[in-house]
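Each residue of the sequence shown is one higher than the one before, counting from 0 in numbering that gives the first Met the number 0. All residues carry an ideal CB built from backbone N, CA and C; glycine is no exception. What follows is a set of notes on a single structure, which appears directly below.
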Amino acid sequence: MAKATYEYPADIAFRDAARAAMDSGFRKMMKNASGTRSGAERREATAEEVEALHDMRVGSRRLRAALAVFANVFPKADFQEMDKEVGAITDALGAVRDLDVQLDALRALQSAAPPNEAYGISRLVERQTEQREIERKALLVALERLDKSRFERRFQKALDRALPPGPAAAKAPESDVSEEVTHG
């Protein structure tokens with residue numbers, strides 16, 4: 000499983016670490032929104048669009064975790080609103096991503112199965128494909144809701160209100176967050 004590692008100096012202010020952690024997840028999530036939308040607009044996404052969906056989900060999950068850890072720095076109304084919206088998009092992304100993974104595994108199993116078993120697997124692939132279509136449409140609605148609500152702008156404003164950038168604000172560039180693969 001990939002695990003994020005953050006490289007912050009030992010003397011970083013709490014405010015700056017909190018801001019950097021939230022900003023990092025937020026940027027990873029939003030950076031992949033366009034590719035995710037492109038893939039969701041079609042029945043069959045390209046490999047790049049599937050990867051964008053995966054990366055957007057990873058970013059949204061990291062943002063959600065950071066929001067939970069640093070909930071007390073936000074005014075309650077801001078936090079509840081942001082947490083609800085991030086949770087909704089995370090759920091929509093997860094539903095499609097989980098089905099993508101299942102379908103990949105089923106198709107690999109189907110191609111290696113003897114004909115009498117491949118037929119049964121093909122029926123399951125059909126059902127999961129139908130479910131993915133339902134979840135794909137729900138994801139498009141969730142992405143549209145984010146756009147219409149101006150989530151990106153509102154999140155940045157809420158973050159600025161809760162954690163104003165300090166004199167040495169630690170905006171974690173993408174390169175400060177590395178992926179570490181662990182097997183367990």
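### Query
Is it true that the segment 57–74 meets the segment 18–25, where meeting means three or more beta-carbon pairs spaced less than 8 Å apart?
yes
Just the Cα atoms here: how many angstroms apart are Q79 and R131?
29 Å
Taking a contact to mean a Cβ-Cβ separation below 8 Å, would you say V49 touches D97 in this structure?
no
Next item on the list: May I have the straight-line CA-CA distance separating A117 from D159, to the nearest angstrom?
Entry: 55 Å
What whole-angstrom Cβ distance do A32 and L142 have, given they're in contact under 8 Å? 7 Å
Practice task
Would you tell me roughly how many angstroms separate the C-alpha atoms of A157 and A19, rounded to the nearest one?
Solution key: 14 Å
*asked:* Check whether chain B comes within 8 Å of L98, counting only Cβ atoms and requiring the distance to be less than that.
replied: Included in the structure is just one protein chain, with no chain B present.
Q: Compute the beta-carbon to beta-carbon distance between E40 and L139, rounded to the nearest angstrom, for a pair I have assumed lies under 8 Å.
A: 7 Å
message = Is it buried or exposed, I88, if we count other Cβ atoms within 10 angstroms and call 16 or more buried?
response = buried
Exercise for review: Tell me whether the beta-carbon of M29 lies closer than 8 Å to the beta-carbon of F69.
Suggested key: no
Exercise for review: Could you spell out where the alpha helix (DSSP H) holding I11 opens and where it closes?
Suggested key: Segment: none, I11 is in no alpha helix (DSSP H) and carries neither H nor E.
Practice item. Count the other C-beta atoms from every protein chain shown that fall within 10 angstroms of the C-beta of F13, then say buried if there are 16 or more, exposed otherwise. Key: exposed
In or out: G86 buried (at least 16 other Cβ within 10 Å) or exposed? exposed
Exercise. Distance, Cα to Cα, S177 vs V72?
Worked result: With a pLDDT of 44 at S177, under the threshold of 50, the predicted position of this residue should be treated as unreliable, and no value is reported.
Selection from K75, L92, S37 and A17 that minimises the alpha carbon distance to D54:
L92
*Cβ distance (whole Å) where L66 is taken to contact D82 below 8 Å*: 5 Å
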